[in-house]
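Counting the sequence shown from 1 gives a position; our numbering is that position plus 2.
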Amino acid sequence: ERAVTPLPIAGPKGAGLSLMIECLTSVMSGYPLLASAYEDSAQRTDYVTNAFVVALDPGDGRTLWRAERSIDPEPISADRRKAYSTPVVVRQGDVPVLISCAAEGTYGYDARSGEELWIVRHKGFSNAPRPLVAHGQLYVTTGFMKPSLLALRPGTERVAEPEVVWSWTRGVPTMPSPVATQGGIWFVSDGGVATCLEPATGKERWRGRVGADTSSSPVLASGHLFFFDRNGRTTVIRPGDEPTIVRENQL
(Lines of atoms letter the chains of each structure in order from A and count residues from 1; the text may use other names and numbers.)
(Lines give C-alpha, C1' and ligand atoms only; values in the text may rest on other atoms or scores of the structure.)
Protein backbone atom coordinates (compact mmCIF):
# COMPACT_ATOMS: atom_id res chain seq x y z
CA GLU A 1 0.00 0.00 0.00
CA ARG A 2 1.46 3.32 -1.02
CA ALA A 3 1.84 6.21 1.37
CA VAL A 4 0.03 9.49 0.86
CA THR A 5 1.91 12.78 1.10
CA PRO A 6 -0.46 15.71 1.72
CA LEU A 7 0.77 19.08 0.54
CA PRO A 8 -0.99 22.21 1.84
CA ILE A 9 -0.87 24.76 -0.97
CA ALA A 10 -0.80 28.13 0.78
CA GLY A 11 2.80 28.96 1.02
CA PRO A 12 5.35 31.56 1.90
CA LYS A 13 7.58 31.80 -1.14
CA GLY A 14 6.89 32.20 -4.84
CA ALA A 15 6.99 30.18 -8.02
CA GLY A 16 9.39 29.22 -10.78
CA LEU A 17 12.93 28.48 -9.54
CA SER A 18 11.90 29.07 -5.92
CA LEU A 19 9.18 26.44 -6.12
CA MET A 20 11.52 23.96 -7.85
CA ILE A 21 14.09 24.35 -5.06
CA GLU A 22 11.39 23.83 -2.43
CA CYS A 23 10.25 20.66 -4.20
CA LEU A 24 13.76 19.23 -4.26
CA THR A 25 14.56 20.10 -0.65
CA SER A 26 11.25 18.72 0.59
CA VAL A 27 11.93 15.38 -1.11
CA MET A 28 15.44 15.20 0.35
CA SER A 29 14.33 16.16 3.87
CA GLY A 30 11.26 13.92 3.83
CA TYR A 31 8.81 16.61 4.88
CA PRO A 32 5.68 17.79 3.06
CA LEU A 33 6.17 20.93 1.02
CA LEU A 34 4.49 24.24 1.63
CA ALA A 35 4.24 25.51 -1.93
CA SER A 36 2.72 28.63 -3.40
CA ALA A 37 0.70 29.51 -6.43
CA TYR A 38 1.75 32.04 -9.04
CA GLU A 39 -0.52 34.82 -10.18
CA ASP A 40 -0.34 36.34 -13.64
CA SER A 41 2.15 39.00 -12.58
CA ALA A 42 5.76 39.91 -13.17
CA GLN A 43 6.36 39.76 -9.42
CA ARG A 44 6.27 36.83 -7.02
CA THR A 45 3.15 36.99 -4.91
CA ASP A 46 1.89 35.25 -1.82
CA TYR A 47 -0.91 32.76 -2.30
CA VAL A 48 -4.11 34.37 -1.05
CA THR A 49 -6.97 32.74 -2.93
CA ASN A 50 -8.33 29.28 -3.66
CA ALA A 51 -6.45 27.53 -0.84
CA PHE A 52 -6.55 23.75 -0.85
CA VAL A 53 -4.84 20.60 0.43
CA VAL A 54 -3.63 18.02 -2.07
CA ALA A 55 -2.42 14.45 -1.60
CA LEU A 56 0.10 13.07 -4.10
CA ASP A 57 1.20 9.53 -4.77
CA PRO A 58 4.90 9.56 -3.75
CA GLY A 59 5.68 6.94 -6.39
CA ASP A 60 4.57 8.78 -9.51
CA GLY A 61 3.27 12.17 -8.34
CA ARG A 62 -0.35 11.51 -9.30
CA THR A 63 -2.95 13.58 -7.51
CA LEU A 64 -4.85 11.21 -5.23
CA TRP A 65 -7.23 13.83 -3.88
CA ARG A 66 -7.63 17.56 -3.52
CA ALA A 67 -9.71 19.36 -0.88
CA GLU A 68 -10.65 23.02 -1.08
CA ARG A 69 -10.66 25.01 2.13
CA SER A 70 -14.28 25.47 3.14
CA ILE A 71 -13.93 28.75 5.05
CA ASP A 72 -15.12 31.59 2.82
CA PRO A 73 -12.05 33.80 2.19
CA GLU A 74 -13.98 36.82 0.96
CA PRO A 75 -14.58 38.44 4.40
CA ILE A 76 -10.90 37.90 5.26
CA SER A 77 -8.23 40.35 4.10
CA ALA A 78 -5.71 38.94 1.61
CA ASP A 79 -2.81 38.99 4.07
CA ARG A 80 -4.77 36.86 6.53
CA ARG A 81 -5.69 33.94 4.25
CA LYS A 82 -2.39 32.06 4.39
CA ALA A 83 -0.97 29.18 6.42
CA TYR A 84 2.38 27.37 6.38
CA SER A 85 1.88 24.59 8.92
CA THR A 86 2.88 21.00 8.09
CA PRO A 87 -0.06 18.61 8.71
CA VAL A 88 -0.08 15.47 10.86
CA VAL A 89 -2.20 12.30 10.73
CA VAL A 90 -3.98 10.84 13.78
CA ARG A 91 -6.46 8.01 14.28
CA GLN A 92 -10.05 9.04 15.04
CA GLY A 93 -11.95 5.84 15.63
CA ASP A 94 -10.86 3.65 12.72
CA VAL A 95 -10.22 6.59 10.38
CA PRO A 96 -6.81 8.18 9.66
CA VAL A 97 -7.48 11.90 10.00
CA LEU A 98 -5.21 14.52 8.46
CA ILE A 99 -4.96 17.55 10.78
CA SER A 100 -4.19 20.76 8.89
CA CYS A 101 -3.94 24.20 10.51
CA ALA A 102 -5.17 27.02 8.30
CA ALA A 103 -6.18 30.64 8.48
CA GLU A 104 -9.23 31.04 10.71
CA GLY A 105 -9.50 27.34 11.57
CA THR A 106 -8.02 23.86 11.90
CA TYR A 107 -9.37 21.15 9.59
CA GLY A 108 -9.72 17.41 9.90
CA TYR A 109 -9.76 15.44 6.62
CA ASP A 110 -10.13 11.75 5.90
CA ALA A 111 -6.54 11.05 4.84
CA ARG A 112 -7.71 8.35 2.44
CA SER A 113 -10.17 10.45 0.42
CA GLY A 114 -9.72 14.11 1.35
CA GLU A 115 -13.26 14.38 2.69
CA GLU A 116 -13.57 17.21 5.21
CA LEU A 117 -14.75 15.65 8.47
CA TRP A 118 -14.72 18.62 10.82
CA ILE A 119 -13.33 22.08 11.42
CA VAL A 120 -12.48 23.95 14.62
CA ARG A 121 -12.87 27.67 14.02
CA HIS A 122 -10.41 30.08 15.62
CA LYS A 123 -8.79 33.41 14.87
CA GLY A 124 -5.31 33.59 13.39
CA PHE A 125 -3.40 33.22 10.13
CA SER A 126 0.08 32.47 8.73
CA ASN A 127 0.19 29.43 11.01
CA ALA A 128 3.70 27.94 11.03
CA PRO A 129 3.92 25.56 14.05
CA ARG A 130 3.04 21.95 13.36
CA PRO A 131 0.15 20.38 15.29
CA LEU A 132 1.31 18.21 18.19
CA VAL A 133 -0.30 14.87 19.07
CA ALA A 134 0.47 13.80 22.65
CA HIS A 135 -1.15 12.72 25.92
CA GLY A 136 -4.32 11.69 24.11
CA GLN A 137 -4.91 15.21 22.83
CA LEU A 138 -4.12 17.46 19.88
CA TYR A 139 -2.32 20.77 20.47
CA VAL A 140 -2.48 23.52 17.83
CA THR A 141 -1.33 27.11 17.69
CA THR A 142 -3.49 29.67 15.97
CA GLY A 143 -0.86 31.90 14.29
CA PHE A 144 -0.69 35.66 13.97
CA MET A 145 -1.59 38.21 15.34
CA LYS A 146 -2.26 37.05 18.94
CA PRO A 147 -1.41 33.36 18.95
CA SER A 148 -3.12 30.90 21.27
CA LEU A 149 -2.31 27.29 22.07
CA LEU A 150 -5.44 25.12 21.96
CA ALA A 151 -5.72 21.66 23.51
CA LEU A 152 -8.25 19.60 21.55
CA ARG A 153 -9.71 16.24 22.53
CA PRO A 154 -10.49 14.23 19.37
CA GLY A 155 -13.96 12.73 19.10
CA THR A 156 -14.50 9.00 18.98
CA GLU A 157 -16.75 9.13 15.92
CA ARG A 158 -15.54 9.70 12.39
CA VAL A 159 -17.01 13.16 11.92
CA ALA A 160 -17.04 14.29 15.56
CA GLU A 161 -15.52 17.75 16.03
CA PRO A 162 -12.79 17.82 18.69
CA GLU A 163 -13.60 19.41 22.03
CA VAL A 164 -11.53 22.44 23.08
CA VAL A 165 -10.26 21.38 26.52
CA TRP A 166 -8.24 24.49 27.35
CA SER A 167 -6.44 27.41 25.71
CA TRP A 168 -3.33 29.41 26.60
CA THR A 169 -2.08 32.76 25.28
CA ARG A 170 0.97 33.87 27.28
CA GLY A 171 4.21 33.41 25.36
CA VAL A 172 2.69 31.30 22.58
CA PRO A 173 4.95 31.39 19.48
CA THR A 174 4.08 32.22 15.90
CA MET A 175 6.87 30.07 14.42
CA PRO A 176 8.39 27.39 16.73
CA SER A 177 6.36 24.19 17.16
CA PRO A 178 5.55 22.80 20.61
CA VAL A 179 7.04 19.56 21.90
CA ALA A 180 5.79 17.05 24.47
CA THR A 181 7.65 15.40 27.34
CA GLN A 182 6.30 12.78 29.70
CA GLY A 183 4.80 15.39 31.99
CA GLY A 184 4.47 18.57 29.97
CA ILE A 185 3.78 20.53 26.81
CA TRP A 186 6.75 22.76 26.07
CA PHE A 187 7.06 25.73 23.72
CA VAL A 188 9.29 28.75 23.31
CA SER A 189 8.07 32.24 22.48
CA ASP A 190 9.35 34.25 19.54
CA GLY A 191 11.22 36.30 22.16
CA GLY A 192 13.04 33.32 23.70
CA VAL A 193 10.99 32.48 26.80
CA ALA A 194 10.20 28.78 27.32
CA THR A 195 6.99 27.57 28.98
CA CYS A 196 5.88 24.17 30.23
CA LEU A 197 2.16 23.46 30.73
CA GLU A 198 0.37 20.50 32.26
CA PRO A 199 -1.09 18.52 29.34
CA ALA A 200 -4.48 17.84 30.91
CA THR A 201 -5.27 21.22 32.47
CA GLY A 202 -3.06 23.80 30.75
CA LYS A 203 -1.72 24.95 34.12
CA GLU A 204 1.73 26.53 33.97
CA ARG A 205 4.46 24.31 35.49
CA TRP A 206 7.61 26.21 34.52
CA ARG A 207 8.65 29.35 32.70
CA GLY A 208 12.07 30.82 32.01
CA ARG A 209 14.28 32.57 29.48
CA VAL A 210 16.29 30.30 27.20
CA GLY A 211 17.58 32.80 24.67
CA ALA A 212 16.87 35.86 22.56
CA ASP A 213 14.64 35.99 19.45
CA THR A 214 13.81 32.43 18.43
CA SER A 215 12.40 30.84 15.28
CA SER A 216 13.49 27.20 15.60
CA SER A 217 11.45 24.57 17.40
CA PRO A 218 12.78 22.93 20.57
CA VAL A 219 14.17 19.41 20.21
CA LEU A 220 13.74 16.54 22.69
CA ALA A 221 16.69 14.12 22.66
CA SER A 222 18.33 11.82 25.21
CA GLY A 223 15.92 12.99 27.89
CA HIS A 224 16.81 16.66 27.44
CA LEU A 225 15.23 19.65 25.71
CA PHE A 226 17.39 21.76 23.40
CA PHE A 227 16.48 25.38 22.58
CA PHE A 228 18.26 27.43 19.90
CA ASP A 229 17.93 31.18 19.39
CA ARG A 230 18.84 33.22 16.31
CA ASN A 231 22.19 34.25 17.79
CA GLY A 232 23.39 30.66 18.12
CA ARG A 233 22.76 30.32 21.84
CA THR A 234 21.81 26.79 22.87
CA THR A 235 20.07 26.11 26.17
CA VAL A 236 19.69 22.55 27.47
CA ILE A 237 16.95 21.74 29.98
CA ARG A 238 16.35 18.55 31.92
CA PRO A 239 12.55 18.29 32.15
CA GLY A 240 10.77 16.65 35.05
CA ASP A 241 8.95 17.64 38.22
CA GLU A 242 11.52 20.44 38.67
CA PRO A 243 12.89 21.43 35.24
CA THR A 244 16.54 22.49 35.38
CA ILE A 245 18.79 24.35 32.94
CA VAL A 246 21.86 22.12 32.81
CA ARG A 247 23.97 23.74 30.08
CA GLU A 248 24.22 26.84 27.90
CA ASN A 249 26.40 26.84 24.77
CA GLN A 250 27.26 29.39 22.11
CA LEU A 251 27.39 28.04 18.55
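Glycine is no exception: its CB is placed at the ideal position from the N, C-alpha and C atoms.
DSSP-derived helix/strand/coil call for residue 3: Low confidence applies here, because residue 3 scores a pLDDT of 46, under 50, leaving its location unreliable and the question unanswered by this model.
What is the DSSP secondary structure of residue 81, counted as helix, strand or coil? Reduced to three states, the DSSP call for residue 81 is helix.
So, under 8 angstroms CB-CB, residue 105 and residue 83 are touching, yes? Tell me the CB distance rounded to an integer number of Å. The beta carbons of residue 105 and residue 83 sit about 5 angstroms from each other, so the pair counts as a contact at 8 angstroms.
Specify the secondary structure class of residue 75 as computed by DSSP and reduced to three states. In the structure shown, residue 75 sits in coil (DSSP, three-state: anything other than H, G, I, E or B).
For residue 97, write down the residues that DSSP places opposite it in a beta bridge. Beta-bridge pairing links residue 97 to 94.
Pair within 8 angstroms by beta-carbon distance, residue 146 and residue 85: Against a cut-off of 8 angstroms, the Cβ pair of residue 85 and residue 146 comes out as no contact.
Identify whether residue 184 lies in helix, strand or coil by the three-state DSSP scheme. Correct three-state label for residue 184: coil.
Looking at the secondary structure, which residues open and close the beta strand (DSSP E) in which residue 259 lies? Residue 259 is absent from the model: the chain starts at 3 and stops at 253.
Distance check for residue 200 and residue 231, CA to CA, integer angstroms please. Those two C-alpha atoms are separated by around 24 angstroms.
Secondary structure at residue 207, three-state DSSP: helix, strand or coil? DSSP places residue 207 in strand when its eight states are reduced to three.
To which residues does DSSP link residue 86 through a beta bridge? Paired residues: none, contrary to the question.
Taking just the CA atoms, how far does residue 56 sit from residue 64? Roughly 10 angstroms between the two C-alpha positions.
With the cut-off set at 8 angstroms, would you say residue 92 and residue 122 are in Cβ contact? Going by beta carbons, residue 92 and residue 122 fall outside the 8 angstroms limit.
Could you check the C-alpha separation between residue 243 and residue 185 for me, to the nearest Å? Their Cα atoms are separated by approximately 8 angstroms.
Specify the secondary structure class of residue 118 as computed by DSSP and reduced to three states. Three-state DSSP puts residue 118 in a strand.
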